[in-house]
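Everything below concerns the one structure shown next.
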Amino acid sequence: MNANQAIETMRGVIRLKHFALSTERCYVDWARRYAAWLIRVHPTGTSEQKFAAWLTHLARDLDVSAGTQNQAFNALRFFYTHGLGQP
193 MNANQAIETM
203 RGVIRLKHFA
213 LSTERCYVDW
223 ARRYAAWLIR
233 VHPTGTSEQK
243 FAAWLTHLAR
253 DLDVSAGTQN
263 QAFNALRFFY
273 THGLGQP
């Protein structure tokens, strides 16, 4: 499954769960940013290590706030669980 298919799967689950449209847009945006970063950086390791590297990149390189980092964490956790079907 490619990233676009996984994002559309996640979008379907979000709509099924009746999340707010703003939440859908936010989660989709974070998933797309994460997928683009994976393509650009090519991190090695497990999904958990890539996930941790992304969050570290946000905090260290992009200097995002803790709240933004938490939002990205929740969006990507939802993406992995409901988009990719990985726990």
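Each number in the working numbering comes from the position in the sequence shown (counting from 1) with 192 added on. For glycine and all other residues, C-beta sits at the position ideal for the given N, C-alpha and C.
Beta carbon of residue i, beta carbon of residue j: below 8 Å?
| i | j | result |
| --- | --- | --- |
| Y226 | F270 | no |
| L254 | K242 | no |
| F265 | L247 | yes |
| T215 | H274 | no |
Which class does residue i belong to by DSSP, given the choice of helix, strand or coil?
| i | result |
| --- | --- |
| D221 | helix |
| F211 | coil |
| H274 | helix |
| S239 | helix |
| L166 | Any answer about residue 166 is impossible in this case: the structure gives the chain only from 193 up to 279. |
| M193 | coil |
Of the choices the options, whose alpha-carbon is the least far from that of residue i?
| i | options | result |
| --- | --- | --- |
| P279 | S257, P235 and E240 | E240 |
| N196 | A223, A212 and V256 | A223 |
| D221 | F211, R203 and T238 | R203 |
Tell me, to the nearest whole angstrom, how far the beta carbon of residue i is from that of residue j; I am working on the premise that it is less than 8 Å.
| i | j | result |
| --- | --- | --- |
| Q261 | L250 | 5 Å |
| A228 | P235 | No, A228 and P235 are not in contact; Cβ-Cβ is about 13 Å, not under 8 Å. |
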